[in-house]
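The sequence shown lines up with residues 0 to 133 when you count with numbering that gives the first Met the number 0.
Let me begin by presenting the structure, written as structure tokens, before commenting on it.
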Amino acid sequence: MFADAAVYGLALYAVGRASSLKLRAAHLPGLLQMLLALSELSEVVRRFFLCSEDVSGLMTGFRVQALTANIACLTIIHREKISGSHMNANWIFSPNDFIANYGAILAGVLVWPVSSYPDMVIGFIIGFIVLNGA
């Protein structure tokens, strides 16, 4: 959720500023998203080899909150129609976050009756979606 807040915060900071600052405000979250994706992928690999246990209720609860925040932010961005590279970056990252949160909710639901494998598969997919957006 830190990555989400950083992306939105940088975009808001760049509103009304020089286009060079808007461009930097678009690139920095891309690097942050790349780190997030690589972290997600490394966590999937770690969990595959260490067979760690999931806490599906906790995972699902946090992701429902994050999904709600993503929907609210996308609504605000769409309503304001602010242009610039910094806002275009938000249009790339926000749907990715929406997909990631939805996927994590699905994984949390599937983990409870099945095993941790659905979480690892969905985590792997989410990692590549976020990496592609970065």
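Virtual Cβ for every residue (Gly too), placed ideally from N, Cα, C.
Asked: What is the DSSP secondary structure of Gly-15, counted as helix, strand or coil?; Found: coil
Asked: How about Asn-69 and Asn-100: are their beta carbons less than 8 Å apart?; Found: yes
Asked: Check whether the region 23-43 touches the region 60-76, taking contact to mean three or more Cβ pairs, one atom from each stretch, closer than 8 Å.; Found: no
Asked: Please return the same chain residues whose Cβ sits closer than 6 Å to the Cβ of Ala-13, not counting the five positions on each side in sequence.; Found: Leu-20, Lys-21, Ala-24, His-85
Asked: Could you tell me which of Leu-27, Asp-96, Val-43 sits nearest to Val-63, measuring between CA atoms?; Found: Asp-96
Asked: Could you give the DSSP three-state label for Ile-133: helix, strand or coil?; Found: According to the sequence displayed, residue 133 carries Ala and not Ile. Note: Ala-133 maps to coil in three-state DSSP.
Asked: Could you check what DSSP says for Cys-50 in three-state terms: helix, strand or coil?; Found: coil
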